[in-house]
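Chemist: Supplied in structure tokens, the structure appears directly below.
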Amino acid sequence: MGTFEGHSYVGVPYLILGSWYIVQSLRRLYQCRIRGVKFVSSMGFPADFFPGRFRNLPIDSILKVGVPCGYIITELTYGYTAKPKTESHMNNWQHVTISFPLILSGVTELLLHYGVPIMDSWDYAANGCFFLVETMVFYFHLHGRSLLEQRLHVLFILAVVAALMTIVIEAKSRRHVMMPLMRGTAIFLKGTWITEIGFVLYNPFGPSWDENMHMNLTLATIHFSWHAIGCMLGAMMRFISQLSLQALSNDLTATLKRPPPTDSRKY
């Protein structure tokens, strides 16, 4: 992952996955209110708007399997050919180690989606395992790094821990839409921040940040705060727009059901 492209390859799927959770959880809330049933969250949100046999396709679960598989192949091929016989291969294996529990979480979600009888809430446990492994590997990944790189990755770990906490709480509180919303926001934050790390350390459009300048440590913290605030505001705006759409739909439905006015004048 020691390139801008490597960080982008990891960051973009997180952005897609986080956006998917935010949009689909609000979509499910809207549908539940229309049908008059209680909202129940789930780890995966199938694409229920696709036509035909592709309806309810578990896109997010497929993404969790396909992307890390491609990432593992890249790490074990390009990583060894670009830098043969160096200690940096341990970094490749650290990244590969993170990918395996993500694949496991995607496979678990697919098994549950297609009705394979496995333990209830196993999908939450598998995703929690992924975030736990990611936290541990990235924490020890900082050994011997510059202060700037340590700060950048510690801030990334905060986003991972936030995602882990939301999953643990959501596993016990599935009737609250706030939990999948916060989960999607934390994962989206992971995507924006790991892409930012790529720009800071391996900027393809200009010079990278000076890793020995103390001011850059403070600037990195400020940037992360902006990322977190922006992600939260984005989720709130999406929630408000969903409520507005629901109110507009209810008004339109009430108008269509209203009987036409009659002329009461007598001739």
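Numbering of the sequence shown is given in the working numbering, commencing with residue 1480 and proceeding in unit increments. Each residue gets a CB set at the ideal place from its N, CA and C atoms; glycine is no exception.
I1666: which of S1498, Y1488 and T1482 sits nearest, CA to CA?
Modeler: Comparing Cα-Cα distances from I1666 to each of S1498, Y1488 and T1482, the minimum goes to S1498.
Chemist: Under 7 Å, Cβ to Cβ, is there at least one residue of chain B near F1533?
Modeler: Given the protein chain composition of this structure (a single chain), no chain B is represented.
Chemist: Over what stretch of residues does the alpha helix (DSSP H) that includes E1675 continue unbroken?
Modeler: M1657 to Y1681 is the span of the alpha helix (DSSP H), which, as asked, contains E1675.
Chemist: For P1720, I'd like the list of residues in its chain whose CB is within less than 7 Å of its CB, leaving aside the five on either flank, ordered along the chain.
Modeler: First, the amino acid is wrong: residue 1720 is Ser here, not Pro. Nothing meets the Cβ criterion.
Chemist: Enumerate, from N- to C-terminal direction, the unbroken alpha helix (DSSP H) stretches of 4 or more residues contained entirely within the region 1535-1604.
Modeler: Whole alpha helix (DSSP H) segments, 4+ residues: 1538-1561 and 1568-1592.
Chemist: Note the first and the last residue of the continuous alpha helix (DSSP H) segment covering W1499.
Modeler: Per DSSP, W1499 belongs to the alpha helix (DSSP H) from F1483 to R1514.
Chemist: How about K1543 and S1584: are their beta carbons less than 7 Å apart?
Modeler: Contact: yes.
Chemist: Sorted by chain position, which residues of the same chain lie with C-beta nearer than 7 Å to Y1618's C-beta, five sequence neighbours on each side aside?
Modeler: Cβ within range, chain order: I1636.
Chemist: Using the Cβ count rule (16 or more neighbours within 10 Å means buried), how would you classify Y1500?
Modeler: Burial call: buried.
Chemist: CA-CA distance, P1547 and A1605?
Modeler: So the two alpha carbons sit approximately 15 Å from each other.
Chemist: Report all residues from its chain with a CB closer than 7 Å to the CB of F1528; omit the five preceding and five following residues, and keep chain order.
Modeler: Once the five neighbours on either side are set aside, F1528 has no close Cβ partner at all.
Chemist: Taking its Cβ as the centre, do 16 or more other Cβ atoms sit within 10 Å of Y1493, making it buried, or is it exposed?
Modeler: Looking at its Cβ environment, which holds 16 or more other Cβ atoms inside 10 Å, Y1493 is buried.
Chemist: Report the partner residues of A1641 according to the DSSP bridge assignment.
Modeler: Bridge partners of A1641: none, in fact.
Chemist: Return the residue from the list T1674, R1662, R1507 and H1655 that minimises the CA-CA distance to L1631.
Modeler: L1631 has its Cα closest to that of T1674, out of T1674, R1662, R1507 and H1655.
Chemist: Relative to the C-alpha of S1540, which candidate in S1687, A1638, Q1573 and I1582 has its C-alpha closest?
Modeler: When each option's Cα is compared against that of S1540, the closest is I1582.
Chemist: Less than 8 Å between the CB atoms is what I'm expecting for L1668 and C1710, so what's the real figure, rounded?
Modeler: Indeed they touch by this definition, with Cβ atoms about 5 Å apart.
Chemist: Closest by CA to E1554, which one among F1524, M1522, F1533 and Y1488?
Modeler: Cα-wise, what sits closest to E1554 is Y1488.
Chemist: With a Cβ-Cβ cutoff of 7 Å, do Q1573 and H1622 count as a contact?
Modeler: Cβ distance not < 7 Å, so Q1573 and H1622 don't count as in contact.
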